[in-house]
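Take a look at the structure set out below.
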Amino acid sequence: MTDHEAPTEERSPGRGSQRDRRRADFRRAIGLTALGTVLPGAGLTQTRNRRLGWVLLGVTLVGIVVLTYLVLTKGLTDTALGVVSRSSNLQLLVVGFVVVGVLWCASIVLTAVRARPRRLDRSHTRWLAAFTTVMVLVIATFSYKAAEYATITKDTVAGIFTGKNDATGGPDLNPDEGEDPWANTPRVNVLLLGSDAGVGREGTRTDSMVVASIDTKTGRTALISLPRNLENAPLPADSPLRGLYPSGIYGSPVCIRAQTNASDRCTLNAIWTETDQYRQDHPSAFKGEAVPGRDETRDVISEILGLRIDHTVVIDLKGFEQLIDAMGGLDVNVKLSGNDTKLPIGGHLNEVTGRMEGTVLGYFEPGLQHLDGSRALWYARTRAADSDSYRQARQRCVVQAIVQQVNPASMVAKYADIARIAKDNIYTDISSDSLPAYVDLVQRVQRAKITSVALTSTQKIYSSNPDYDRVRALVKKAITTPPAPKPSPSTSSGSSSSSSSTPTGSATAPSGSATTELTPEQKAEAYNAC
Numbered sequence: 001m002t003d004h005e006a007p008t009e010e011r012s013p014g015r016g017s018q019r020d021r022r023r024a025d026f027r028r029a030i031g032l033t034a035l036g037t038v039l040p041g042a043g044l045t046q047t048r049n050r051r052l053g054w055v056l057l058g059v060t061l062v063g064i065v066v067l068t069y070l071v072l073t074k075g076l077t078d079t080a081l082g083v084v085s086r087s088s089n090l091q092l093l094v095v096g097f098v099v100v101g102v103l104w105c106a107s108i109v110l111t112a113v114r115a116r117p118r119r120l121d122r123s124h125t126r127w128l129a130a131f132t133t134v135m136v137l138v139i140a141t142f143s144y145k146a147a148e149y150a151t152i153t154k155d156t157v158a159g160i161f162t163g164k165n166d167a168t169g170g171p172d173l174n175p176d177e178g179e180d181p182w183a184n185t186p187r188v189n190v191l192l193l194g195s196d197a198g199v200g201r202e203g204t205r206t207d208s209m210v211v212a213s214i215d216t217k218t219g220r221t222a223l224i225s226l227p228r229n230l231e232n233a234p235l236p237a238d239s240p241l242r243g244l245y246p247s248g249i250y251g252s253p254v255c256i257r258a259q260t261n262a263s264d265r266c267t268l269n270a271i272w273t274e275t276d277q278y279r280q281d282h283p284s285a286f287k288g289e290a291v292p293g294r295d296e297t298r299d300v301i302s303e304i305l306g307l308r309i310d311h312t313v314v315i316d317l318k319g320f321e322q323l324i325d326a327m328g329g330l331d332v333n334v335k336l337s338g339n340d341t342k343l344p345i346g347g348h349l350n351e352v353t354g355r356m357e358g359t360v361l362g363y364f365e366p367g368l369q370h371l372d373g374s375r376a377l378w379y380a381r382t383r384a385a386d387s388d389s390y391r392q393a394r395q396r397c398v399v400q401a402i403v404q405q406v407n408p409a410s411m412v413a414k415y416a417d418i419a420r421i422a423k424d425n426i427y428t429d430i431s432s433d434s435l436p437a438y439v440d441l442v443q444r445v446q447r448a449k450i451t452s453v454a455l456t457s458t459q460k461i462y463s464s465n466p467d468y469d470r471v472r473a474l475v476k477k478a479i480t481t482p483p484a485p486k487p488s489p490s491t492s493s494g495s496s497s498s499s500s501s502t503p504t505g506s507a508t509a510p511s512g513s514a515t516t517e518l519t520p521e522q523k524a525e526a527y528n529a530c
């Protein structure tokens with residue numbers, strides 16, 4: 001019995017060593033497969049296909065070094081914008097993500113096959129196969145989503161930036177690569193329109209009209225806001241609407257719209273609808289114009305400001321509502337303009353009778369609250385309880401809240417929905433070929449000063465009877481490059497520094513002075529604080 005047991009005791013250590021080696025080989029196979037998942041080719045360098053592994057790893061490292069260099073020299077945002085602003089780059093990205101994904105997955109499988117021990121029991125074989133499958137699925141999913149996002153971006157850019165600059169000619173961009181694209185264009189003017197077109201609404205009204213006049217060399221920008229109720233707008237010499245108003249003044253001597261509907265007035269935001277109605281009776285007057293109302297609005301604003309409009313951007317306010325919902329809502333400090341003010345949700349104000357019409361769903365309460373897309377839009381648009389000046393202030397506060405609260409991580413997760421919203425609700429006549437130049441221009445604007453020009457009664461511009469010569473003078477002054485500031489002797493902190501820090505439009509009177517009643521315009525200015 002003793003002689004029989006002795007050989008068994010001698011073989012046991014050998015079997016244990018074999019199991020340990022097999023476990024070590026299995027762990028090695030798992031480790032190399034994982035390494036090949038993190039860095040394509042890295043796992044293969046430790047197998048019989050080491051040459052192929054070094055080639056794949058070398059290409060991967062070169063790509064990482066190039067991308068890191070671009071990000072460090074240009075910044076992550078600028079690098080991304082430089083890629084998405086060229087449709088050819090986006091097409092290459094789509095193909096690249098697919099090809100890289102296929103090669104990466106193939107290298108993972110090959111690594112697992114080459115690193116697999118010769119003798120591996122069934123259980124460990126299944127574990128290695130399962131692990132390899134998971135790694136392949138991770139990389140395949142990543143590559144698929146990256147290619148999908150690149151495709152969505154390409155289609156969105158192609159769908160939005162379709163302009164040919166046929167209407168205005170657009171700015172004279174320098175086509176030479178490596179040169180300043182804006183060398184031949186000292187200033188570019190972009191018209192931003194907020195359209196209220198949508199289901200259940202007749203016609204299109206531009207309730208938000210802003211012109212961004214940009215010095216292309218310095219990026220210095222003047223934002224010129226136009227009141228929606230501006231009257232007696234000058235019509236261009238070639239405007240088809242002169243068939244209705246031969247005086248060349250919109251609504252003069254008699255507003256034809258008011259004769260049809262007493263609540264209608266010939267205000268600036270009605271140009272689009274007026275043009276569309278006139279086109280129905282005179283289609284030959286708008287040959288070659290896909291959307292004459294939009295073009296006519298642009299041309300009239302150009303006449304008012306004395307500026308050549310290079311590009312037009314139109315945003316459907318319904319898209320704004322959808323964007324807020326995609327963000328998950330918005331936290332807004334709701335403010336009322338007076339003790340008796342009630343800001344309605346829903347309905348509309350009859351400007352003739354001064355009464356609310358339609359269905360009012362409720363009223364805003366003051367204070368910080370979370371608004372969904374619909375309520376955020378109503379808060380920005382309602383003007384039934386106060387005036388257009390207060391509404392413009394609310395719009396600025398909502399925009400500011402969007403900028404401050406947008407979460408890039410959550411927006412990336414909803415990128416497909418956001419791209420669809422943009423494609424369906426934004427129009428621009430900027431061509432995709434011009435995008436790289438505008439990316440460069442936006443960077444200059446971000447580094448420069450932005451000023452605002454409000455055409456209000458504080459500037460002696462009255463909507464019912466505006467002085468357009470004064471309007472053009474104000475615009476010219478705003479876009480004129482100011483002279484370099486002269487150095488001034490330093491002054492100690494005193495009354496001058498104290499007064500300079502006092503906010504414009506503050507309701508607090510200086511110490512020792514009589515308290516004065518603020519004008520409606522000054523109250524609206526104080527209301528601007530969000």
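Letter by letter, the sequence shown follows residues 1 to 530 of full-length UniProt numbering.
Glycine included, every Cβ here is placed at the ideal spot set by N, Cα and C.
- The straight-line gap separating the alpha-carbon atoms of Ala-478 and Arg-470 is approximately 12 Å.
- Fully enclosed alpha helix (DSSP H) runs of no fewer than 4 residues occupy 50 to 74, 76 to 84 of the segment 29 to 97, in order along the chain.
- Annotated as proximal: Asn-189 and Leu-307, with beta-carbon spacing under 7 Å.
- Excluding five sequence positions before and after Gly-41, the CB atoms of its chain that fall closer than 8 Å to its own CB belong to Leu-52, Gly-53, Trp-54, Val-55, Leu-56, Leu-57, Gly-58, Val-59, Thr-60, Ser-107, given in chain order.
- Restricting attention to Ile-315, Leu-441, Val-453, Ser-374, the CA atom closest to the CA of Asp-429 is found in Ile-315.
- In the structure shown, Glu-179 adopts coil according to DSSP, grouped into three states.
- Secondary structure at Leu-235: coil, using DSSP grouped into helix, strand and coil.
- Straight through space, the alpha carbons of Ala-29 and Thr-125 are spaced by roughly 10 Å.
- Beyond the five residues adjoining it in sequence on each side, Phe-142 comes within less than 8 Å, by CB distance, of Gly-101 in the same chain, given in chain order.
- In the three-state scheme derived from DSSP, where H, G and I count as helix and E and B as strand, Thr-382 is classed as coil.
- DSSP places Ile-461 in no alpha helix (DSSP H); its state is neither H nor E.
- Looking at the DSSP output, Gly-362 shares a beta bridge with Ile-345.
- Its chain contains Ile-30, Thr-33 as the residues whose beta carbon lies nearer than 7 Å to that of Phe-131, once the 5 sequence neighbours on both sides are disregarded; these appear in chain order.
- Rounded to the nearest whole angstrom, the C-alpha separation of Ile-324 and Pro-253 is 43 Å.
- Taking the CA atoms as reference points, Val-442 sits about 36 Å from Leu-39.
- Less than 7 Å separates the beta-carbon of Thr-151 from that of Val-94.
- If the five residues before and after Tyr-415 are omitted, its C-beta is found closer than 8 Å to the C-beta atoms of Tyr-149, Ile-152, all from its own chain and listed in chain order.
- Beta-bridge annotation (DSSP): Gly-328 is not paired with any residue.
- In terms of Cβ geometry, Thr-206 and Thr-273 do not form a close pair [threshold 7 Å].
- Contact between Asn-49 and Leu-110 holds: their C-beta atoms lie close to 7 Å from each other, under 8 Å.
- Membership of Thr-428 in the beta strand (DSSP E) is indicated by the continuous run 426 to 428.
- Assignment of Val-471 by DSSP, reduced to helix, strand and coil, places it in the helix class.
- Shown here, Asp-215 sits in a strand according to DSSP, grouped into three states.
- Contact holds between the segment 153 to 162 and the segment 80 to 90, because three or more Cβ pairs, one in each stretch, are under 8 Å apart.
- Taking C-beta separations shorter than 6 Å and ignoring five residues to either side along the sequence, the partners of Cys-266 in its chain run Tyr-250, Gly-251, Cys-255, Arg-257, following chain order.
- In this structure, the beta-carbon distance from Thr-312 to Leu-191 falls below 7 Å.
- Distance from the CA atom of His-370 to the CA atom of Val-99, rounded to whole angstroms, is 45 Å.
- By a beta-carbon distance limit of 8 Å, Arg-119 contacts Arg-22. Their separation comes to about 7 Å.
- Residues of the same chain with their beta carbon placed closer than 7 Å to that of Lys-287 are lacking, with the five preceding and five following residues left out of the count.
- With contacts defined as CB atoms closer than 7 Å, Glu-303 and Pro-236 qualify as a contacting pair.
- For Leu-474, the CB contacts under 8 Å within the same chain, skipping 5 residues up- and downstream, are Val-453, Leu-455, Gln-459, Ile-461 in chain order.
- Look at Asp-316 here: in three-state DSSP terms it is strand.
- For Arg-187, there is no enclosing alpha helix (DSSP H); the enclosing beta strand (DSSP E) covers residues 187 to 195.
- Looking at the DSSP output, Thr-221 sits in a beta bridge with Ile-214, Ile-450.
- In terms of Cβ geometry, Thr-451 and Ala-222 form a close pair [threshold 7 Å].
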